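Trainee: Counting in my numbering, the sequence shown tops out at residue 1534, every number present.
By construction, the Cβ of each residue, glycine as well, lies at the ideal position given by its N, Cα and C atoms.
These figures come from a predicted structure and were not determined experimentally.
Sharing a structure with you now.
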Amino acid sequence: MVIELGAGTGSVTNALVSRGIAASDILVLERSPDFCRILHDKSQGMSIVQGDAASLCSFIPQDIPVRAVVSSLPLMNFSLPLRERILTQIRRALGEYGCVIQFTYALFSRSPYVNVGFQRDMCRIITFNVPPAKVERFHC
Ligand SMILES: C[S@@+](CC[C@H](N)C(=O)[O-])C[C@H]1O[C@@H](n2cnc3c(N)ncnc32)[C@H](O)[C@@H]1O
1395 MVIELGAGTG SVTNALVSRG IAASDILVLE RSPDFCRILH DKSQGMSIVQ
1445 GDAASLCSFI PQDIPVRAVV SSLPLMNFSL PLRERILTQI RRALGEYGCV
1495 IQFTYALFSR SPYVNVGFQR DMCRIITFNV PPAKVERFHC
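Below is the structure:
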């Protein structure tokens, strides 16, 4: 299963499906009810759950391994306790394996993932995005 956190209007969700991830293997977790309605309207068969990433593990069906978490959450805008809670939940959801991919506009901030034991294995600055964005991948 692949989990997307903070799917907004679904542009990353669409990219996951177009890159070949089966919609039935995707669980989308989005806090905003309005965005969830938009995601439901465009749903291609993935599970769309309205909820808080700080409670991520409570939304994951038991016995289904999580291969990857893809996040557009604005982590650097969150309070430190909330950010740590979300990172701990991501870490627990992935277990010993899997990876997390984070999109951010905070180009120059040190990623908080390394503070909870993740190791970064990819970093790209997307200059043609407006505003420029950074994509990083971490593994457990
Ligand atoms: C930068 S936007 C994502 C944009 C998205 N990739 C798109 O294509 O529209 C961040 C999203 O995270 C959601 N969000 C913020 N805090 C959240 C939380 N604690 N749990 C789940 N979703 C959250 C917001 O509602 C928003 O949709």
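Express the C-alpha separation of Lys1436 and Cys1430 in angstroms, rounding to a whole number.
Mentor: Within the sequence shown, residue 1430 is the residue found at index 36, counting from 1. Within the sequence shown, residue 1436 is the residue found at index 42, counting from 1. In a straight line, the C-alpha of Cys1430 is about 10 Å away from that of Lys1436.
Trainee: What does the Cβ neighbour count give for Arg1541, buried or exposed, with the cut at 16 atoms within 10 Å?
Mentor: This structure cannot settle anything about residue 1541, because the visible part of the chain is limited to 1395 through 1534.
Trainee: Thinking C-alpha only, which one of Ser1505, Val1529, Met1516 and Leu1421 is nearest Ile1458?
Mentor: Stepping through the sequence shown from its first residue, residue 1458 is reached at position 64. Looking at the Cα atoms, Leu1421 is the closest of the given residues.
Trainee: With a threshold of 7 Å, establish whether the CB of Ala1462 neighbours any heavy atom of ligand 2.
Mentor: Ligands present in the displayed structure are limited to ligand 1, and ligand 2 is not among them.
Trainee: Following the continuous beta strand (DSSP E) through Ile1370, name the residue where it begins and the one where it ends.
Mentor: With the chain running from 1395 to 1534 in the structure shown, residue 1370 is simply not present.
Trainee: Sort Ser1452, Pro1506 and Tyr1499 by Cα distance to Glu1478 and report the nearest one.
Mentor: Stepping through the sequence shown from its first residue, residue 1478 is reached at position 84. Of the listed residues, the one whose Cα sits closest to Glu1478 is Pro1506.
Trainee: Please classify Ser1465 as buried or exposed, where buried requires at least 16 neighbouring CB atoms within 10 angstroms.
Mentor: Sequence index remark: in the sequence shown, residue 1465 carries index 71 (1-based). Per the 10 Å Cβ criterion, buried.
Trainee: I'd like the list of long-range same chain contacts for Ala1462, defined as Cβ closer than 6 Å, with 5 residues on each side in sequence excluded.
Mentor: Taking the sequence shown and counting its residues from 1, the one referred to as residue 1462 is at position 68. Within the same chain, Ala1462 has close Cβ partners Val1396, Gly1492 and Cys1493.
Trainee: Out of curiosity, what's the CA-to-CA distance linking Leu1474 and Ser1418?
Mentor: Reading the sequence shown from its first residue, position 80 is the one you call residue 1474. Reading the sequence shown from its first residue, position 24 is the one you call residue 1418. Taking the straight line from one Cα to the other gives about 33 Å.
Trainee: Looking only at DSSP bridge pairs, what is Cys1493 linked to?
Mentor: The count along the sequence shown starts at 1 and reaches residue 1493 at position 99. Its beta-bridge partners are Ala1462 and His1533.
Trainee: Are the beta-carbon atoms belonging to Leu1467 and Leu1399 less than 8 Å from one another?
Mentor: Residue numbering aside, residue 1467 sits at position 73 when the sequence shown is read from its first letter. Residue numbering aside, residue 1399 sits at position 5 when the sequence shown is read from its first letter. Cβ distance < 8 Å, so Leu1467 and Leu1399 count as in contact.
Trainee: Three-state secondary structure (DSSP) at Thr1403?
Mentor: Taking the sequence shown and counting its residues from 1, one reaches residue 1403 at position 9. Three-state DSSP puts Thr1403 in coil, outside helix and strand.
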